[in-house]
Amino acid sequence: MALPTLRIIAFINGIFLITLAVAMLFPMLTLLAFERTYELNAFLWSSLITFIAGLAMVAQGRPLNVQLRPRDMYMLTTASWLIVCVFAALPMALIHHISYTDAFFETMSGVTTTGSTVLTGLDEASPGLLIWRSMLQWLGGIGFIAMAVAVLPLLRVGGMRLFQTESSDWGEKVMPRSHVAAKYIVVIYLIFTLCGVLAYWLAGMSWFDAINHSMTSISTAGYSTSDNSMGNFGPASHWVAIVLMLLGSLPFTLYVATMRGNRRALVKDEQVRGYVGMLLVTCLLFSLWLWFNSEHAFIDALRVASFNVVSIATTTGYALGDYSTWGGFAFMAFFYLTFVGGCSGSTTGGLKMFRFQVALSLLRANLKQMVHPRAVIKQQYNGHNLDEEIVRSILTFSFFITMTIGAIALFLALLGLDPITALTGAATAVCNVGPGLGPIIGPAGNFASLPDAAKWVLAAGMLLGRLEIVTVLVLFTASFWRH
44 MALPTLRIIA
54 FINGIFLITL
64 AVAMLFPMLT
74 LLAFERTYEL
84 NAFLWSSLIT
94 FIAGLAMVAQ
104 GRPLNVQLRP
114 RDMYMLTTAS
124 WLIVCVFAAL
134 PMALIHHISY
144 TDAFFETMSG
154 VTTTGSTVLT
164 GLDEASPGLL
174 IWRSMLQWLG
184 GIGFIAMAVA
194 VLPLLRVGGM
204 RLFQTESSDW
214 GEKVMPRSHV
224 AAKYIVVIYL
234 IFTLCGVLAY
244 WLAGMSWFDA
254 INHSMTSIST
264 AGYSTSDNSM
274 GNFGPASHWV
284 AIVLMLLGSL
294 PFTLYVATMR
304 GNRRALVKDE
314 QVRGYVGMLL
324 VTCLLFSLWL
334 WFNSEHAFID
344 ALRVASFNVV
354 SIATTTGYAL
364 GDYSTWGGFA
374 FMAFFYLTFV
384 GGCSGSTTGG
394 LKMFRFQVAL
404 SLLRANLKQM
414 VHPRAVIKQQ
424 YNGHNLDEEI
434 VRSILTFSFF
444 ITMTIGAIAL
454 FLALLGLDPI
464 TALTGAATAV
474 CNVGPGLGPI
484 IGPAGNFASL
494 PDAAKWVLAA
504 GMLLGRLEIV
514 TVLVLFTASF
524 WRH
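As structure tokens, then:
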């Protein structure tokens, strides 16, 4: 890779670090509001170190007449997420007095909107630390939307190219330039967040809890201000969370299309219809299961089951009780939900609904081909022809996400973790869900007791899953580094 290209990447990352340093002012103001001034030094020093590092990277200047090529975006995308996590972890290490390994794990989990945590005692934790965790997830959510809409299609990664069609009507007529789309998406994201704050407050939360949970709900991220997660709040807040998680799991590009005049953009989209339908059926089945197998009234069973199903399916990771104790059927079903994710162009992780739908479309086409060998069967999805490049991208991602989960699970088992913890820990990290299953990392536990080596590997899995795996893996090929 040429030196001017590396200078541009460093320059852009320097801007990110300066922005991160400025963002640390918000937890400082929070500490002042709560009169916890003795905790300010942690954020002051972290902000200063981050700002100086960013300034050093920006001071070299931006090379003129040098543009980033698509291949250079792989390096920029991976480097920016890593560098931001390295510096964003500083306040956690300083204010909570935890090891840098734990701080980096917590930060990577936040920025990738995974939601796995190593922290306990959140109910009495520093308000500055709590708001910082929530901000990291909120920023990570909007950052991933921008990447999914503007960067991944350019790199032939992800599925957003399938939705640039007349059927969803968010093509050139709706968003002639990506920066126009980005402005609309940021506005929508802010509106959803502010509405979430108000809704949570009306549901009985304090303003502080409402702000934190609104940020981590719309980003489908899952950090809470309590060790009991959403179980610490009333039933009304659970319904608010369900709505916000669902909103965050739908394509933000379709919200833009709706704002631009296409009132049926969400209704007509094949991915949205399939995803919402899947959630409705799954929530109903789990509600009936819980109603028949517990002492819950049906309305309570509906609330508890729907909350946990939507939380896991949208990769948010909030917990409302320990659903891993509901029985073998529920245990396995929640493990399967770990892989679902939301829609392409949302804040969610996982495989995404469109990949399941495309796979089903391909299966139907192959079965028809077997019955009618001479027939020419047109394969379409969401009004878009499924060409070889799209199919290859989907198959590649699906294969490597499976291999990555298997490799991480095998490494965790090598470190001495039991099979359930190893497998579900790997799956929840790569799919950016949050809690795993079992007594250690399940909804009632956390990741604090895991060995440091396991935390670093899981952090790497979170990054791989968030960046759609191949975006990172390409950096380890010899051809990438040839001039």
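All residue numbers for the sequence shown refer to my numbering, where the first residue is 44 and numbers rise by one. Heads up, the beta-carbon is just placed ideally off N, CA and C, and yes, glycines get one too.
- In the DSSP assignment, residue 143 is bridged to no other residue.
- Residue 502 counts as buried, since no fewer than 16 other beta carbons sit within 10 angstroms of its beta carbon.
- Close CB contacts of residue 279 within its chain, under the 7 angstroms cut and outside five residues either way in sequence, are with 246, 247 (chain order).
- Only buried fits residue 256, as 16 or more other CB atoms lie within 10 angstroms of its CB.
- Cβ contact annotation for residue 148 (same chain, cutoff 8 angstroms, sequence separation greater than five): 159, 161, 490, 498, 499, 501, 502, in chain order.
- Runs of the alpha helix (DSSP H) spanning 4 or more residues and lying entirely within the stretch 82-136 occur at 83-102, 113-131, in chain order.
- Close CB contacts of residue 63 within its chain, under the 7 angstroms cut and outside five residues either way in sequence, are with 93, 127, 130, 131 (chain order).
- For the 8 angstroms CB-CB criterion, residue 156 and residue 325 do not form a contact.
- If you ignore the 5 residues before and after residue 365, its C-beta comes within less than 8 angstroms of the C-beta of 485, 486, 487, all in its own chain and listed in chain order.
- Taken atom to atom, the span from the alpha-carbon of residue 289 to that of residue 177 is near 18 angstroms.
- Of all C-beta pairs linking the stretch 414-434 to the stretch 376-395, fewer than three are shorter than 8 angstroms, placing the two stretches out of contact.
- By DSSP's assignment, residue 475 forms no beta bridge with any residue.
- Its Cα nearest to that of residue 103, the residue 55 stands out among 508, 55, 80.
- For the pair of segments examined, the stretch 293-308 was found not to touch the stretch 401-408: the number of CB pairs separated by less than 8 angstroms stays below three.
- With fewer than 16 other beta carbons inside 10 angstroms of its own, residue 112 counts as exposed.
- For residue 478, the closest of 283, 361, 315, 511 by C-alpha to C-alpha distance is 361.
- Here residue 422 carries a coil assignment [DSSP, helix/strand/coil].
- By a beta-carbon distance limit of 8 angstroms, residue 358 does not contact residue 320. Their separation comes to about 19 angstroms.
- At the C-beta level, residue 179 and residue 144 stay beyond 8 angstroms of one another.
- DSSP places residue 311 inside the alpha helix (DSSP H), whose first and last residues are 308-311.
- Bounds of the alpha helix (DSSP H) holding residue 291 are 278-291.
- When DSSP states are grouped into helix, strand and coil, residue 336 belongs to the coil group.
- Here residue 375 is exposed: its Cβ has fewer than 16 other Cβ atoms, across all protein chains shown, within 10 Å.
- In the structure shown, the three-state DSSP call for residue 56 is helix.
- At a Cβ-Cβ threshold of 8 angstroms, residue 317 and residue 400 count as neighbours.
- Within the stretch 400-472, the complete alpha helix (DSSP H) segments at least 4 residues long are 431-457, listed from N- to C-terminus.
- In the structure shown, residue 242 adopts helical secondary structure according to DSSP, grouped into three states.
- Pairing residue 506 with residue 181 gives a Cβ-Cβ distance that is not under 8 angstroms.
- When rounded, the separation of the alpha-carbon atoms in residue 82 and residue 146 is 17 angstroms.
- Residue 495: member of the alpha helix (DSSP H) spanning 495-509, first to last residue.
- Residue 380: member of the alpha helix (DSSP H) spanning 371-380, first to last residue.
- Where residue 185 is concerned, the enclosing alpha helix (DSSP H) starts and stops at 170-189.
- Per DSSP, residue 487 is not a residue of any alpha helix (DSSP H), being assigned neither H nor E.
- Excluding the 5 residues flanking it on each side, residue 429 has same chain C-beta neighbours closer than 8 angstroms at 401, 404, 405, 422, 423, in chain order.
- With contacts defined by Cβ atoms closer than 8 angstroms, residue 508 and residue 456 do not form a contacting pair.
- If you compare the alpha carbons of 267, 236, 348, 98 with that of residue 165, the shortest gap goes to 267.
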